[in-house]
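Here the protein sequences come in this chain order: A and B.
When you number the first sequence by the working numbering, it's gap-free, plus one each residue, and the end is 524.
When you number the second sequence by the working numbering, it's gap-free, plus one each residue, and the end is 524.
So the structure is just underneath, and the comments pick up after that.
Number of protein chains: 2
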Amino acid sequence: MSTVRGREARDRLLRAAAELIAEYGWTAVTTRMVADRAGIGAGLVHYHFESVAALLAEAAITAARGMMTELESLLAQSDDPLSVLLGMLDDYSGRDPMSLLLVEAYLAASRDVQLRQELGGVVDGCRRMLEVRLAERGVPDASGTAIVLAAAVDGLLLHRALTGRPSGADIASVLRQLLPTGGRETS
Amino acid sequence: MSTVRGREARDRLLRAAAELIAEYGWTAVTTRMVADRAGIGAGLVHYHFESVAALLAEAAITAARGMMTELESLLAQSDDPLSVLLGMLDDYSGRDPMSLLLVEAYLAASRDVQLRQELGGVVDGCRRMLEVRLAERGVPDASGTAIVLAAAVDGLLLHRALTGRPSGADIASVLRQLLPTGGRETS
DNA sequence: CCTGGTCTTGGGCAACTGCCCAAAAGGACG
DNA sequence: CGTCCTTTTGGGCAGTTGCCCAAGACCAGG
């Protein structure tokens with residue numbers, strides 16, 4: 338029932354899985370690949386995880402929850418939710434490991450009910466955090482606006498991965514129209 | 338150099354590949370899978386296509402160009418580009434074969450330069466068509482607005498695949514704010 | 001009929017797959 | 001020291017992979 342020794346190997350497997358999903362694609366990640374990247378014997382994967390699918394799912398949902406936590410903390414530090422989103426947009430190119438991992442997870446979720454529910458919960462959580470901040474600023478349809486903004490971030494990342502455009506600055510003024518209150522208010 | 342006989346088998350392979358990418362994921366589609374679905378001997382795949390990757394890429398880019406053509410024709414029939422996009426949104430659930438195929442292709446493009454260029458061209462084409470229609474209606478930043486709207490459609494589909502929400506009607510009023518000219522003008 | 005091209009088949013190959021399992025290593029306790 | 005439990009290893013299994021290739025089917029023009 339000890340934890341210290343095995344815990345480290347388990348964590349290394351999760352990190353390796355996250356990297357490899359982004360590099361080669363969800364269904365292309367294999368037992369030996371992950372073990373190799375983690376610097377660990379191949380048999381160990383099935384000691385720590387029920388199956389490769391379970392390992393991938395845990396790696397993905399962990400990353401997704403981490404992103405939600407980061408969004409939460411950034412939203413708490415700023416009074417302008419839109420500039421927070423635009424800032425996050427500029428932190429990711431759409432072809433970085435985190436973006437690719439999340440989109441791979443979205444797709445895998447279409448074939449795995451449990452993963453879909455857990456990722457759906459994360460998306461819903463992000464929407465709700467955004468909705469609260471928007472409502473504070475007097476945005477009329479805070480719920481609908483939060484849904485659109487959350488989706489726009491993911492969609493823009495997806496398209497930027499293909500075309501290289503746009504940067505956050507390119508579309509700031511367009512998205513600003515969704516917050517009828519106008520620019521940031523220094524109450 | 339005859340075409341009629343082999344052309345039919347080639348087309349069946351492309352259709353089968355498109356189906357299977359959506360069902361099992363890009364990297365999970367195998368030679369024998371495609372041949373089976375197409376009702377064809379396994380060896381034929383490598384007679385008609387240089388590799389499995391080439392078959393998948395051609396199937397994906399064909400589907401993407403088809404979507405662009407459909408968008409073009411719908412935009413030509415309406416004077417309200419936004420309602421065209423909302424209508425297309427309601428035609429796809431995010432978990433239908435076409436949506437999944439396109440997102441799989443987006444991801445595969447991050448690992449294949451040529452596919453990325455071709456898909457990037459399609460996205461750019463959609464943006465431009467949208468931009469023209471928006472400019473006609475007097476939208477100030479037609480280019481930026483087109484970029485945001487195109488990305489929002491894909492992002493909303495992605496999120497709806499996970500959460501079931503929203504429908505086009507739920508967010509129509511939010512997106513309408515991006516067209517400052519207001520509702521449709523019956524000039 | 002035959003000839004020559006375009007198609008199509010099914011089997012073969014080395015490499016790889018997920019998962020299993022006997023064996024052993026590690027380390028805390030007595 | 002031995003004991004017990006967790007962790008780790010590497011090899012083994014049956015099944016699958018992409019691609020190749022000899023062989024034959026199909027179908028024109030002669």
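Just so it is clear, CB atoms sit at the ideal spot from N, CA and C, and this is done for glycine as well.
Select from the options the residue whose C-alpha is nearest the C-alpha of residue i.
{"i": "Leu426/B", "options": "Thr482/B, Leu512/B, Pro517/B", "result": "Leu512/B"}
{"i": "Leu467/A", "options": "Ala489/A, Ser504/A, Ala375/A, Trp363/A", "result": "Ala489/A"}
{"i": "Leu437/B", "options": "Gln414/A, Phe386/A, Pro503/A, Glu441/A", "result": "Glu441/A"}
{"i": "Val469/B", "options": "Ala391/B, Ala413/B, Pro517/B, Leu493/B", "result": "Ala413/B"}
{"i": "Glu455/A", "options": "Met435/A, Ala394/A, Leu471/A", "result": "Ala394/A"}
{"i": "Arg464/A", "options": "Pro418/A, Ala390/A, Tyr384/A", "result": "Pro418/A"}
{"i": "Arg474/A", "options": "Arg453/A, Ala397/A, Leu516/A", "result": "Leu516/A"}
{"i": "Leu357/A", "options": "Pro434/A, Ala379/A, Glu387/A", "result": "Pro434/A"}
{"i": "Ala483/A", "options": "Ala487/B, Ala472/B, Asp507/B, Ala479/B", "result": "Asp507/B"}
Counting only beta-carbon separations shorter than 9 Å, does residue i have a partner in chain A?
{"i": "Val450/B", "result": "no"}
{"i": "Gly481/B", "result": "yes"}
{"i": "Thr368/B", "result": "no"}
Tell me where the alpha helix (DSSP H) around residue i begins and ends.
{"i": "Thr368/A", "result": "368 to 375"}
{"i": "Ala354/B", "result": "341 to 361"}
{"i": "Glu387/A", "result": "From DSSP, Glu387/A is part of no alpha helix (DSSP H); its letter is neither H nor E."}
{"i": "Tyr443/A", "result": "434 to 446"}
{"i": "Ser420/A", "result": "418 to 428"}
{"i": "Thr500/B", "result": "479 to 500"}
{"i": "Gln451/B", "result": "450 to 473"}
If you measure from the beta carbon of residue i to each beta carbon in chain B, is any gap under 9 Å?
{"i": "Tyr429/A", "result": "no"}
{"i": "Leu493/A", "result": "yes"}
{"i": "Leu515/A", "result": "yes"}
{"i": "Arg453/A", "result": "yes"}
{"i": "Ile398/A", "result": "no"}
{"i": "Ile484/A", "result": "yes"}
{"i": "Gly362/A", "result": "yes"}
Given a threshold of 16 other Cβ atoms within 10 Å of its Cβ, counted over all protein chains shown, does residue i qualify as buried or as exposed?
{"i": "Pro477/B", "result": "exposed"}
{"i": "Gly481/B", "result": "buried"}
{"i": "Arg369/B", "result": "exposed"}
{"i": "Ala379/B", "result": "exposed"}
{"i": "Ser415/A", "result": "exposed"}
{"i": "Ser510/A", "result": "exposed"}
{"i": "Val485/B", "result": "buried"}
{"i": "Asp491/B", "result": "buried"}
{"i": "Gly424/B", "result": "exposed"}
{"i": "Tyr429/A", "result": "buried"}
Can you find at least 3 beta carbon pairs, one from the stretch 493 to 501 of chain A and one from the stretch 340 to 347 of chain B, that sit closer than 8 Å? no
Do the stretch 447 to 462 of chain B and the stretch 400 to 407 of chain B make contact, defined as three or more Cβ pairs closer than 8 Å? yes
When you compare the stretch 353 to 370 of chain B with the stretch 351 to 366 of chain A, are there three or more beta-carbon pairs, one atom per stretch, that lie closer than 8 Å? yes
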